[in-house]
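S.K.: Can you read through this structure? Questions will come right after.
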Amino acid sequence: MKSLMIFGLFIMTIVFAQFANAQTADDVVGKYIAAMGGKEKLNALKTVKMEGNLSVMGNDVAIVITKKHLVGMRVDISVMGTENYQVVTPAKGVVFMPVQGMSEPTEMPEEQLKSAIGQLDIQGSLVDYKEKGTAIELVGKEKVDGEDCSNLKLTFKSGLATNFFISDKTGFIVKTTGKRVMNGEEVEVSNSNSNYKQNADGYWFPYTTTNAQGTTDFSKIDTNIAVDENIFK
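Sequence positions in the sequence shown follow my numbering and run 638 to 870.
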């Protein structure tokens with residue numbers, strides 16, 4: 638009888654611990670959504686166009702990113718007198734990079750497309766994450782560049798996983814990390830966000846992002862503008 642009682646208490650402890658962790662993770666998600674303007678505001682975001690410059694090995698590269706929520710993304714890159722682009726839709730990805738010697742558009746590798754499709758969700762991976770089939774785990778607390786952050790691990794329906802480091806102070810995402818397959822090899826990818834500002838429509842964006850390719854500074858971000866879906870074909 639005593640053993641049964643101990644076992645019962647053990648089970649209850651596990652259940653309550655799991656519940657507490659889920660609540661804590663949801664608290665972090667809630668703080669992020671509030672910081673970004675609220676769920677209603679984010680759900681109203683349908684298109685975005687971002688213009689900026691990417692600094693790579695001392696060279697400035699003009700970049701324009703155009704997205705329509707869950708429909709498509711086009712990245713236009715002007716560098717060294719060439720016009721390059723990448724297009725992603727839920728069905729396929731296309732890459733045309735004359736600067737790399739390409740003479741015609743080529744289909745994006747499957748693993749790269751799998752990762753890129755996640756960027757079509759411009760309202761944010763944390764918004765309505767349960768409905769999207771995403772699992773969230775609160776890994777713990779960590780410092781990112783001296784800033785206290787909550788580390789949330791998101792495992793998407795696709796099987797890919799990404800860690801989101803959310804500032805305890807601001808509620809903004811300051812860094813993301815994850816493992817992705819590139820050129821047949823699994824590599825660690827990381828993206829840092831800073832210089833958060835509101836655009837003319839009141840949406841918050843990091844106007845500076847840094848990854849392995851370099852640092853991108855955005856000068857203009859427009860939201861909910863008309864986007865011709867033909868640019869994704």
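The beta-carbon is built from N, C-alpha and C at its ideal position, and this holds for glycine as well. Keep in mind it's a predicted model, so treat the numbers as computed, not measured.
What's the gap between the Cα of Ile773 and the Cα of Lys790?
M.R.: Translated into the one-based positions of the sequence shown, residue 773 becomes position 136. Translated into the one-based positions of the sequence shown, residue 790 becomes position 153. Each residue's Cα considered, the two are about 6 Å apart.
S.K.: On the DSSP bridge list, what partners appear for Ser827?
M.R.: Numbered from 1 along the sequence shown, position 190 holds the residue referred to as residue 827. For Ser827, which the question treats as bridged, DSSP gives the partners Thr814.
S.K.: By DSSP, does Asn658 sit in helix, in strand, or in coil?
M.R.: For the purposes of this step, residue 658 is taken as the residue at position 21 of the sequence shown. Since pLDDT at Asn658 reaches only 42, below the 50 mark, its modelled position is unreliable, and the value read off the structure follows with that caveat. In the structure shown, Asn658 sits in a helix (DSSP, three-state: H, G or I).
S.K.: I believe Val724 touches Phe869 by the beta-carbon criterion, under 8 Å. Please report the beta-carbon distance rounded to the nearest angstrom.
M.R.: The residue given as residue 724 occupies position 87 in the sequence shown. The residue given as residue 869 occupies position 232 in the sequence shown. Going by Cβ atoms, the distance from Val724 to Phe869 rounds to 5 Å, so yes, they are a contact pair.
S.K.: Apart from the five residues on each side of it in sequence, which residues of its chain come closer than 8 Å, Cβ to Cβ, to Ser692?
M.R.: The residue given as residue 692 occupies position 55 in the sequence shown. Around Ser692: Val698, Gly851, Thr852, Thr853, Asp854.
S.K.: Given a threshold of 16 other Cβ atoms within 10 Å of its Cβ, counted over all protein chains shown, does Ala659 qualify as buried or as exposed?
M.R.: Taking the first residue of the sequence shown as position 1, residue 659 is located at position 22. At Ala659 the pLDDT is 44, less than 50, meaning the model places this residue with poor confidence; the figure from the coordinates comes in the next sentence. Result: exposed.
S.K.: Check whether the stretch 747-760 and the stretch 773-787 touch, using three or more Cβ-Cβ pairs below 8 Å as the test.
M.R.: Flag = no, the stretch 747-760 and the stretch 773-787 do not touch.
S.K.: From which residue to which residue does the beta strand (DSSP E) around Ser715 run?
M.R.: For the purposes of this step, residue 715 is taken as residue 78 along the sequence shown, with counting starting at 1. Segment 709-716, the beta strand (DSSP E) holding Ser715.
S.K.: When you compare each of Ala662, Val685, Lys769 to Val839 by their alpha carbons, which one comes out closest?
M.R.: Along the sequence shown, read from residue 1 onward, the residue named residue 839 stands at position 202. Here residue 839 turns out to be Gly, not Val, going by the sequence shown. Answer by Cα proximity: Val685.
S.K.: Just how far apart, CA to CA, sit Glu688 and Asn820?
M.R.: As a working mapping, residue 688 is identified with position 51 in the sequence shown. As a working mapping, residue 820 is identified with position 183 in the sequence shown. Going by the C-alpha atoms only, they are around 28 Å apart.
S.K.: Under the three-state reduction of DSSP, which class applies to Leu906: helix, strand or coil?
M.R.: With the chain covering only 638 through 870, there is no way to say anything about residue 906.
S.K.: Val818 and Ser829 look like a contact to me (Cβ under 8 Å); what is the Cβ gap, rounded to whole Å?
M.R.: For the purposes of this step, residue 818 is taken as the residue at position 181 of the sequence shown. For the purposes of this step, residue 829 is taken as the residue at position 192 of the sequence shown. Wrong, their Cβ atoms sit about 22 Å apart, outside the cutoff.
S.K.: Is Gly839 helix, strand or coil by DSSP?
M.R.: Along the sequence shown, one-based indexing puts residue 839 at 202. Reduced to three states, the DSSP call for Gly839 is coil.
S.K.: CA-CA distance, Met739 and Ala753?
M.R.: By one-based count along the sequence shown, residue 739 stands at place 102. By one-based count along the sequence shown, residue 753 stands at place 116. About 20 Å.
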